[in-house]
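For the protein sequence lines, the chains are A and B, in the order given.
This note's numbering numbers the first residue of the first sequence as 630 and each following residue consecutively.
This note's numbering numbers the first residue of the second sequence as 13 and each following residue consecutively.
Down below is the structure, laid out as structure tokens.
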Amino acid sequence: MLRAIIIDDEPKSREGLEAMLQDMIKDVVVAATADSVANGVRAIEKHQPDVVFLDIEMPRNDGFALFEAFNPVDFEVVFTTAHEQYALQAFRTTAIDYLLKPIDLDQLNQAVDKVREKRQKDRVNKNFEVFVNNLKNSNANHQIAISSSDGLIFLKVENIIYLRGDGAYTYFFLKSGERITTSKNLKEYEDLLSDYDFFRVHKSFLINLHEMKKYVRGEGGYVVMSNGDTVDVSKRRKENFMAALSKL
Amino acid sequence: MNMDDLDNNLLNSYKAFTGSHFMLNALNTIQSEILLRKDSDAFQAIQVFTRLYKHALRSSNDHHLEFAEEINFIHQYLKMEHLRFNEGKFPRLINHSAVPDDLSVPTYLLQSFLENALLVNRELPLSNLTVRVEYVRPMVRCIMDISGKPEHTYHPKVQEKTRLAEERINLLNAVHNEGHRLIWGGKAFCTLELNGIN
């Protein structure tokens, strides 16, 4: 359901558009109407709408003044006016559409569809941002999805001890003692897990630094992991490995 | 300045009225009345709109029109604005009946300056617009008075249209020596003196 606010100085115009939106357009609720930009700002702050239908020519402040009150503008704007000459100026703002009065029902439908699509896209982007933030901020609870021969397996990052690459395949070694094979190369998981204290100690090994029991010095040396497995550290990666350990 | 300039100006004045936001806003009002199922209001709005449109069609080629017809046009114009805004701040026309019906005056002039005055008045809190018509043969004086606002103001919405009307006065005076006058400020917001033709 989209929440809408109508800002227009003409009462008939507000009431008419409200009736159109409520009676003829699916899934739109008019949360408030306002007769000026100042009252519109208050209504937006109170109702947090998805879309604002905004007249341009109003006494005192024109519709464009609304954009000065919000930064960023986190709602969509559809201009509604009898003045065609403002179209260019309107599209220089972040407005999603421009409707000429008297409002055509088909065009109103299209504008609402555009708003719906944009809000949906914004929601997906926002969810993705949350997902990325989770990736960065929460090692303990974060899960990754890996493809196996019969579907997706969701693994908690904290349950992975290390990964071994073998050409186009990668083997996951888990705390549970399980070994999972995937048909992606190690580099892909190195990118995915780089923010979670995983380190590529060798061209064939990516280890969870929190699952090391012991590091044994040598030319490159080797690491004993929590499950007792040993993993070689390559000579050329040793220095960076030490630097990574010092940050833990 | 010649007759072609005058004809062009009339054509532009006609376009400014019929093609302007006013007509679209009037249609929007009618659409709203229908959507709100206010049948009698919608009917009234269609009646007024039709009269305005017929007047516009009739007067598109005429530089002058009988005052009675022009004042009727102004009445309908104000009625439509009142239907649109449904507010109390609309002017009364005072004394216009003193003017002989068959006196001819230039078309579209009074409406242009009245629209400017209406818009300025709407934006002033507690102001009041009155339109007084005086007839001192052969002059028809239309005095538009906004309480507390005597100075000259073009409203940005109709600035071009108002200037077009001013140009028309100059053209009518230059081409036909008609002797019309526009006075900004003074005791009133705006005074339009039209030299009536019998």
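For every residue, glycine included, the Cβ atom is placed at its ideal position computed from N, Cα and C.
Small disclaimer: the values here were computed from a predicted structure and weren't measured.
Could you give the DSSP three-state label for residue i: helix, strand or coil?
i               : result
H76 of chain B  : strand
T710 of chain A : strand
N37 of chain B  : helix
E45 of chain B  : helix
D742 of chain A : helix
Y727 of chain A : strand
K867 of chain A : helix
S665 of chain A : coil
K161 of chain B : coil
D113 of chain B : coil
V862 of chain A : coil
R689 of chain A : coil
M854 of chain A : strand
P168 of chain B : helix
K199 of chain B : coil
V670 of chain A : helix
R752 of chain A : helix
R846 of chain A : coil
L877 of chain A : coil
Can you name the start and end residues of the alpha helix (DSSP H) that residue i belongs to?
i               : result
L183 of chain B : Q171 to H188
F682 of chain A : Run containing F682 of chain A: none in the alpha helix (DSSP H); it sits in the beta strand (DSSP E), V680 to L683.
L695 of chain A : L695 to A698
V152 of chain B : Here V152 of chain B belongs to no alpha helix (DSSP H); instead the beta strand (DSSP E) covers M151 to I158.
S648 of chain A : Reading off the sequence, residue 648 of chain A comes out as Ala, not Ser. A648 of chain A -> alpha helix (DSSP H) spans P640 to M653.
Y26 of chain B  : M15 to T30
Q677 of chain A : Premise fails: Q677 of chain A is in no alpha helix (DSSP H) and is neither H nor E.
L717 of chain A : A716 to R721
Does the Cβ of residue i lie closer than 6 Å to at least one heavy atom of the ligand NAP?
i               : result
E172 of chain B : Looking at this structure, you won't find the ligand NAP or any other ligand, since it has none at all.
Assuming the contact rule is C-beta atoms closer than 8 Å, residue i and residue j should be a hit. Round their C-beta distance to whole Å, please.
i               : j               : result
P701 of chain A : A633 of chain A : Not really, about 19 Å apart at Cβ, beyond 8 Å.
N107 of chain B : E146 of chain B : 7 Å
H8 of chain B   : A711 of chain A : The requested residue 8 of chain B does not occur in the structure, where chain B is confined to residues 13 to 210.
F708 of chain A : L728 of chain A : 7 Å
Q43 of chain B  : P731 of chain A : 4 Å
L130 of chain B : L141 of chain B : 7 Å
R96 of chain B  : N37 of chain B  : 6 Å
Where do the N-terminal and C-terminal ends of the beta strand (DSSP E) with residue i fall, by residue?
i               : result
V60 of chain B  : From DSSP, V60 of chain B is part of no beta strand (DSSP E) but of the alpha helix (DSSP H) over D51 to R70.
L204 of chain B : C202 to N207
Q123 of chain B : Not the beta strand (DSSP E): Q123 of chain B falls in the alpha helix (DSSP H), residues L121 to E135.
L105 of chain B : R104 to I106
E146 of chain B : L141 to V148
R632 of chain A : L631 to I636
Compare the C-beta of residue i against all C-beta atoms of chain E and say whether one is closer than 7 Å.
i              : result
Q56 of chain B : No chain E is present in this structure, whose protein chains are A and B.
- Fully enclosed by the segment 780-838 of chain A, which alpha helix (DSSP H) runs are 4 residues long or longer? 815-822
- Message: Residues of the segment 29-41 of chain B in Cβ contact with chain A at a cutoff of 7 Å, in chain order, please.
- Response: H33, L36, N37, L39, N40 and T41
- Item | Contacting positions in the segment 723-739 of chain A - beta carbon closer than 9 Å to chain B | L729, K730, P731 and I732
- Can you list, in chain order, the residues of the segment 632-657 of chain A whose Cβ is nearer than 7 Å to any Cβ on chain B? E639, P640, K641, S642, E644, G645, A648 and M649
- Members of the segment 686-703 of chain A that neighbour chain B once the beta carbon cut-off is set at 8 Å: E686, P688 and R689
- Under 9 Å (Cβ pairs) to chain A, residues found in the segment 74-105 of chain B: L95, R96, F97, N98 and E99
- Which residues, taken in chain order from the segment 163-183 of chain B, show a beta carbon closer than 7 Å to some beta carbon of chain A? K169
- Task: Return the residues of the segment 123-136 of chain B that lie within a Cβ-Cβ distance of less than 7 Å from chain A, sorted by chain order.
- Result: R134 and E135
- the segment 704-715 of chain A: which residues have C-beta closer than 7 Å to a C-beta of chain B, in chain order? A711 and H712
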